[in-house]
Amino acid sequence: MGIRAAVEQDLPRIVEIYNAAIPTRRSTADTETVTIGSRLEWFRKHKPDRRPLLVYEQGDEVVAWISFEDFYGRPAYQHTAELSIYVALEHQGRLIGKKMLQAAEELAPRLGIKILVGYVFAHNSPSIRLLQAFGYQEWGRLPNVAQMDGKEYSLCILGKRLEHQTSTE
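In this note's numbering, the protein residues as written are 1019 to 1187.
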């Protein structure tokens, strides 16, 4: 039991957890389920020494995952990463997200990451509370940028600097 690097054999379960989140309209702007094949390239872009994809196991079952992704895809942002955390619906509320976020923050310096950001729908209170409990602050809000099922949703950008830096702003 615990957190480990994802392997390709985990991809079906990773996709299953992700797809279960889609109908909730709280965690992703995808409105239709994704396939294992459509996520294979995404999976392979995660490199354990730079932008890993981690899973949380209980027993022999993957019950959550967290991914590090490049922020904005430009070299000047190489020390910033976007985090995504997904916990299987039946395992939510058991502090797994907290364990995943803590592990991500501990791993980040070894990956050369100084800043972590998360994009969270404004109505996703549990995720916002989790990030805020770890010291993330709202760095921006994009009002009503997503439309699903005839409703508009705002997106919050939450961020945290993991080490003190001198700013040249």
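Ideal placement from N, C-alpha and C gives every residue a C-beta, glycine not left out.
Query	Result
Which residues in the same chain have their Cβ closer than 8 Å to the Cβ of leucine 1029, if we skip the five residues on either side of it in sequence?	Ile1054, Arg1057, Leu1058 and Phe1061
In terms of alpha-carbon separation, which member of Ala1164, Lys1178, Gln1165 and Ser1143 lies closest to glycine 1153?	Lys1178
For glycine 1136, which residues of its own chain have a beta-carbon under 6 Å away from its beta-carbon, when the five flanking residues on both sides are left out?	Leu1101, Leu1149 and Leu1176
Just to confirm before moving on: does the CB-CB distance between isoleucine 1146 and valine 1138 stay below 7 Å?	yes
With DSSP as the reference, identify every bridge partner of phenylalanine 1086, one or two as the case may be.	Leu1101
By how many angstroms is the C-alpha of lysine 1063 removed from the C-alpha of glycine 1088?	Position check: residue 1088 holds aspartate in this sequence, whereas glycine was assumed. Going from the Cα of aspartate 1088 to the Cα of lysine 1063 covers about 10 Å.
Please report the Cβ distance between asparagine 1162 and glutamate 1170, rounded to the nearest whole angstrom; I am assuming they are in contact, meaning their Cβ atoms lie under 8 Å.	4 Å
Examine the Cβ distances between the stretch 1036 to 1047 and the stretch 1104 to 1113 and report whether three or more of them are shorter than 8 Å.	yes
Check the DSSP bridge columns for lysine 1204 and list the partner residues they point to.	No information on residue 1204 is available, as it lies outside the stretch 1019 to 1187 that the chain covers here.
When DSSP builds the beta bridges, which residues end up paired with valine 1138?	Cys1174
Locate the alpha helix (DSSP H) running through isoleucine 1040, then write down its first and last residues.	It is not in any alpha helix (DSSP H) - isoleucine 1040 carries neither H nor E in the DSSP assignment.
Could you give the residue range of the alpha helix (DSSP H) that holds alanine 1024?	Run containing alanine 1024: none; DSSP gives neither H nor E here.
Do phenylalanine 1086 and alanine 1094 have their beta-carbon atoms positioned less than 7 Å apart in this structure?	no
DSSP has tyrosine 1074 in a bridge; who is on the other side?	Ile1021 and Ala1082
If the criterion is Cβ atoms closer than 7 Å, does the pair isoleucine 1021 and tyrosine 1074 meet it?	yes
Hey, how far is the Cα of leucine 1129 from the Cα of proline 1041?	33 Å
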